[in-house]
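Here the protein sequences line up with chains A and B, keeping their order. Here our numbering is used: position 165 in the first sequence is 165, and no number is missing along the way. In our numbering, each number is its position in the second sequence, counted from 1, plus 1000. In what follows, a single structure is set out as structure tokens and then discussed.
Protein chains: 2
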Amino acid sequence: MLKLYAMQSSGNCYKVRLLLAKLGLPFTLVDVDLLRGENRTPEFLMKNPEGRVPLLELPGGRFLAESGAILAYLAEGSPLLPDERFARAEVLRWMFFEQHSHEPAIAAARFWLKLVRGGRELRTHDVDRWQEEGYAALGVMERHLARRPFFVDGRLTIADIALYAHTHVAEEGEFDLTGFPAVRGWLARVAAAPGHVGMDWRPDASLGSDTGAGDATLVNAS
Amino acid sequence: MLKLYAMQSSGNCYKVRLLLAKLGLPFTLVDVDLLRGENRTPEFLMKNPEGRVPLLELPGGRFLAESGAILAYLAEGSPLLPDERFARAEVLRWMFFEQHSHEPAIAAARFWLKLVRGGRELRTHDVDRWQEEGYAALGVMERHLARRPFFVDGRLTIADIALYAHTHVAEEGEFDLTGFPAVRGWLARVAAAPGHVGMDWRPDASLGSDTGAGDATLVNAS
């Protein structure tokens, strides 16, 4: 069975749970709480020297890191990753946008301002940058979605899953989505699609426990 | 014929030129100088509303943005992007790492400290962060390459091309590679591979001109 090492409150980890739920793939969830340093134990660093989650363990014992790579691996052959060469490239285009220009601002703001106790004081110099870069990313999404129901090909793909995960909780990072009606409409369409599960969803097979807040020193969710 | 909109001194644009050269694909190069704001003209924003380069125009008139997506699109079916599902996912894993954890530090440092006149003063608060995040990324690469000739599958792939582009000029962003012997060995192997071209290489079909330094306000190479 697939095994997913993840933190419940991480948007990058939620992407993978959401996709696994949609695909109906059974998996074991192993909680790794970054806020308690559980990603820095020798045991976990043997699995992923970078100390990041999500991390997917395949039945043969191989490990795959990076949420975007995990999504692409799992979605292969499903309708959520188009076969057609250009559409497939456009899916990746939005997934790279998410990891380069969206997540580093929108997810980091939520992590430090909402999840980490005392995070605002620790990262006070970054708040303006997160706001500027995060709103720029939301503007790119708004323009693109103004004339489209989903990011690529008129249908739900892993590009939407990747971008939904942090956008739907952007307000927890103090982003106001009022001025982004196309983004809000798209969020509702993603949430209404078949097989959708929320961020708190867990599979039947779960190991370990997870907490919502703690005293962290590092962002290690990728 | 393929058309590539690019800035000669951008590492993200170099990735695409290097891959096109290796694949022997003819293309027209159109210079877009970010340092002169040529990516902010109405004409260019019609092509890519984000105003970023590289941007690939396909013969039918469709556009593809994001260097990673362009690499994956062009390398499809070639030995530079494995067919096997797990190896392909590992290639993406390193390409996402590059765009999320490597380029935002190592390329940004080079851009502001080397290419933009007065950039150090404009971005003085970011220098420590670039150094910390950039050396962390180099550390991840060093550990991985200590036992491997290339990033994935023992052979050159687009993951190497993606990571080579900014790493081989990391010293221009004031990173010292002395303590990273495995990275230096890998840089030499990539440069020695068949069909390699340097950052200054241009195809026969080029339009426009490009300069090395100017007064920019935005990093827009993705």
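For every residue, glycine included, the Cβ atom is placed at its ideal position computed from N, Cα and C. Computed from a predicted structure; not experimentally measured.
Quick one: does residue i have its CB under 7 Å from some CB of chain B?
{"i": "A:GLN99", "result": "yes"}
{"i": "A:GLY68", "result": "yes"}
{"i": "A:ALA89", "result": "yes"}
{"i": "A:GLN155", "result": "According to the sequence provided, residue 155 of chain A is Arg. The question's Gln does not apply to it. Chain B contact via Cβ: absent."}
{"i": "A:GLU50", "result": "yes"}
{"i": "A:PHE111", "result": "no"}
What's the gap between the Cα of residue i and the Cα of residue j?
{"i": "A:CYS13", "j": "A:VAL30", "result": "11 Å"}
{"i": "A:ILE161", "j": "A:GLY195", "result": "12 Å"}
{"i": "A:LEU25", "j": "A:ALA159", "result": "19 Å"}
{"i": "B:LEU1115", "j": "B:MET1199", "result": "14 Å"}
{"i": "A:LEU56", "j": "A:PHE63", "result": "6 Å"}
{"i": "A:PRO79", "j": "A:LEU156", "result": "8 Å"}
{"i": "A:GLU84", "j": "A:ALA65", "result": "25 Å"}
{"i": "A:ALA21", "j": "A:VAL197", "result": "7 Å"}
{"i": "B:LEU1113", "j": "B:GLU1172", "result": "8 Å"}
{"i": "B:PRO1059", "j": "B:LYS1003", "result": "8 Å"}
{"i": "A:GLY295", "j": "A:PRO181", "result": "A query on residue 295 of chain A cannot be resolved here, the shown segment of chain A reaching from 1 to 222 and no further."}
{"i": "A:SER206", "j": "A:PRO49", "result": "23 Å"}
{"i": "A:GLN99", "j": "B:GLY1134", "result": "16 Å"}
{"i": "A:GLU76", "j": "B:GLY1119", "result": "43 Å"}
{"i": "B:LEU1045", "j": "A:LYS47", "result": "44 Å"}
{"i": "A:LEU122", "j": "B:THR1124", "result": "19 Å"}
In terms of alpha-carbon separation, which member of the options lies closest to residue i?
{"i": "A:PRO203", "options": "A:MET1, A:ARG17, A:SER9", "result": "A:ARG17"}
{"i": "B:SER1010", "options": "B:ASP1128, B:VAL1197, B:PRO1054", "result": "B:PRO1054"}
{"i": "A:LEU163", "options": "A:ARG36, A:ARG189, A:ARG123", "result": "A:ARG189"}
{"i": "B:GLU1038", "options": "B:GLY1068, B:GLY1060, B:TYR1005, B:ILE1070", "result": "B:TYR1005"}
{"i": "B:GLY1051", "options": "B:PHE1175, B:MET1007, B:GLY1060", "result": "B:MET1007"}
{"i": "B:VAL1127", "options": "B:ALA1108, B:ALA1193, B:LEU1002", "result": "B:ALA1108"}
{"i": "A:LEU145", "options": "A:TRP112, A:TRP94, A:GLN99, A:ALA72", "result": "A:TRP94"}
{"i": "A:VAL169", "options": "A:ARG110, A:GLU132, A:THR41, A:ASN48", "result": "A:ARG110"}
{"i": "A:ARG148", "options": "A:GLN131, A:LEU92, A:LEU187, A:HIS125", "result": "A:LEU187"}
{"i": "A:ARG88", "options": "A:ALA193, A:GLN99, A:PHE151", "result": "A:PHE151"}
{"i": "B:ALA1165", "options": "B:GLU1142, B:GLU1090, B:TYR1073, B:SER1067", "result": "B:SER1067"}
{"i": "B:ARG1117", "options": "B:LEU1035, B:ALA1193, B:ARG1143", "result": "B:LEU1035"}
{"i": "A:GLU90", "options": "B:ARG1129, B:LEU1074, B:THR1167", "result": "B:LEU1074"}
{"i": "A:ALA69", "options": "B:ALA1193, B:PHE1097, B:THR1167", "result": "B:PHE1097"}
Taking only beta-carbon atoms, is residue i less than 7 Å away from chain A?
{"i": "B:PHE1140", "result": "Residue identity differs from the one stated: residue 1140 of chain B is Val in this sequence, not Phe. Yes, its Cβ sits closer than 7 Å to a Cβ of chain A."}
{"i": "B:MET1092", "result": "Looking at the sequence provided, one finds Leu at residue 1092 of chain B rather than Met. So, interface residue."}
{"i": "B:GLU1121", "result": "no"}
{"i": "B:LEU1035", "result": "no"}
{"i": "B:ARG1225", "result": "With chain B running from 1001 to 1222 in the structure shown, residue 1225 of chain B is simply not present."}
{"i": "B:PHE1150", "result": "no"}
{"i": "B:ALA1065", "result": "yes"}
{"i": "B:PHE1175", "result": "no"}
{"i": "B:PHE1096", "result": "yes"}
Is the beta carbon of residue i within less than 6 Å of some heavy atom of the ligand GTP?
{"i": "A:LEU2", "result": "Here there are no bound small molecules, and the ligand GTP is not part of this structure."}
Would you say residue i faces chain D, with C-beta separation under 7 Å as the test?
{"i": "B:TRP1186", "result": "As a matter of chain content, chain D is missing from the structure shown, whose protein chains are A and B."}
Is there contact between the region 1096-1115 of chain B and the region 97-112 of chain A, where contact requires at least three CB pairs shorter than 8 Å? The region 1096-1115 of chain B vs the region 97-112 of chain A: in contact.
Identify each residue in the region 70-86 of chain A for which the Cβ-Cβ distance to at least one residue of chain B is less than 7 Å, and report them in chain order. Listed by position along the chain: ALA72, TYR73, GLU76, ARG85, PHE86.
Pairs of beta-carbons, one from the region 124-142 of chain A and one from the region 173-192 of chain A, closer than 8 Å: are there three or more? Under the 8 Å Cβ criterion, the region 124-142 of chain A counts as touching the region 173-192 of chain A, having at least three qualifying pairs.
Taking beta-carbon pairs under 8 Å, can you tell me which members of the region 5-28 of chain A lie near chain B? none
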